[in-house]
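With full-length UniProt numbering, the residue at position 134 of the sequence shown is 134, and numbering never jumps. All C-beta atoms in this analysis are idealised placements derived from N, C-alpha and C, irrespective of residue type, glycine included. Notes follow the structure.
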Amino acid sequence: MDNSDSIDGFEDSSINTNLYQIPCTNEILIDSHKRTTTSISFEKNGNRFLSGGNDCKIQMFDFTIMDSRFLPFRELQGFEGNIINSISHSFNDQLFITGTSNVQIKLFDRDGKLKTGSKKGDMYIVDLKKTFGHTSEVTQVQFSPIFENEFISTSVDGTLRIWDINTMETSQKEVIKLFKTKRSAGTSCNYNSFGNLICVTHDNVIDVFDTKTPKIHPIYSYKTNLSYHTSVQWYCNDTMMITRNNDGLYIFDNKINKCIKYIEVKCPTLHNNVIVSPDNRFILCCNDTHLQFINTSNYELCDEVELEKGTFIEWNDCINQIFVGDDTGHIHIFFDETLSRDGCLLCKDKFIENLPQQIMDMNIIKQKPYHHKKYKHKQQKENNIDLEYKPLYKDETNESFNSTIQLKQDFTLVDPRKALFKYNTDYPELIKRETILQEINENDENEYQVKRKLD
């Protein structure tokens, strides 16, 4: 598929897909992660979706509030440097769980707030059924398609665990060992559409368990030549399974209990998955250079789209759009303007408003009220200072000297007795007498000093 960049940042395809009615005539590229995109999960209505990557972050997107820049409305970072291996939404889309390279499984609400997490298992206990959680990296998590509170998880510790979100803080509901003599790591798991069958892959084995019966032995078990399976899917009314491994696709029929087809497809990364279209007509997988569409009737390649090192694929039935992550951290959205509806069509032509930086920054730190009042009082105090009044220097003359500058009288050489008698109005004779005596004394002192100098 030959792509050409347009002015709006979209990539238009020249491939003719009207024959198969595949929604991949147009493409939008979203810059989501800094490293490989490892997982994508949708709500059923297609309005929101999540993406996880090797940069240890989860990006949350909402088509109803996005514009043509396609920026996430929230970013979850509290995973302590653990790679996001898997994300899954609950049946009612109000919760989602994450499986990371850590041993804990975390439960979030729809807005990304952490509600609870699973307990860490004791790695020194030999019997894994007696541990209350995983003891090694969680490879995949999956919510039940029927029960809102139930989900499953696989881990490198070699167990498949069934959980209830109400009791996941203390322990799991059930533990299934995926080995008999030698421990083997569980790589992927999935429910069927009715929620009564669970398929799990470990090493070169694919096991199927019934949720209503004791899970000591699997009801179906298949062996392959290659060891590592990255994904497993049900299709064709839950009678057939398809798995993705290192070098290709294995297709199994549960009616005859054997592998009926092997398709050679190169697997560029360990996070590659395989999915089936909502109408069960196509099998979708990625190789090094293309996104391939394989017909389920004859297992032949019917169409392909140019895409380098694609990893995780999701096809939402409600909006009829295909989402593919790649090795560089981008997400490719494939759609058709006539076959697809809503989703990216809601915001690809939405106008970008030039908002002020303060409004655009949703995480702006507000100043505390105390500091704000203190700053306001200081500013008001500075504004009250009248800058017209300047100090009076020696050589300067000021017309409004008396009104602006007042000199204080020096009382250090004033006689206090004289100062007090000045306010005595009852005996004015005493005041006159005191003033006369003071003048005589001053004259005597002056005469005495003159005589002394002459001598």
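Distance from the Cα of LYS177 is smallest, within the candidate group PRO218, LYS212, GLN140 and ASN192, for PRO218. About 4 Å separates the beta carbon of VAL156 from that of SER136, a gap short enough to meet the 8 Å contact definition. In this structure, GLY310 sits away from THR36, with a CB-CB distance that is not shorter than 8 Å.
In its chain, beyond the 5 residues on either side, GLY158 have a beta carbon closer than 7 Å to the beta carbon of PHE179. In this structure, DSSP gives LEU128 a helical state, which the three-state scheme calls helix. Buried is the label assigned to ASN272, since at least 16 other Cβ atoms lie within 10 Å of its Cβ. A residue is called buried once 16 or more other Cβ atoms fall within 10 Å of its Cβ, and SER144 is buried on that count. The alpha-carbon separation between ILE40 and GLY52 amounts to approximately 7 Å. Taking the Cβ atoms as the reference, ILE165 lies roughly 19 Å from ASN190, outside the contact range of under 8 Å. Nearest in C-alpha terms to THR224, of all of ASP210, ASP247 and PRO214, is ASP247. DSSP, read as helix, strand or coil, puts LEU345 in helix. Using a C-beta cut-off of 8 Å, the stretch 311-321 makes contact with the stretch 283-291, since at least three inter-stretch Cβ pairs fall below that distance. In this structure, the alpha-carbon of ASP253 lies about 34 Å from that of ARG48.
Burial of ASP207 is indicated by the presence of at least 16 other C-beta atoms within 10 angstroms of its C-beta. Here ARG244 carries a strand assignment [DSSP, helix/strand/coil].
Beyond the five residues adjoining it in sequence on each side, ILE260 comes within less than 6 Å, by CB distance, of ILE251 and ASP253 in the same chain, given in chain order. Excluding sequence positions up to five before and after LEU76, its CB lies within less than 6 Å of the CB of ILE58 and GLY112, all in the same chain and listed in chain order.
Following the DSSP letters along the chain, one finds GLN77 in no beta strand (DSSP E), marked with neither H nor E.
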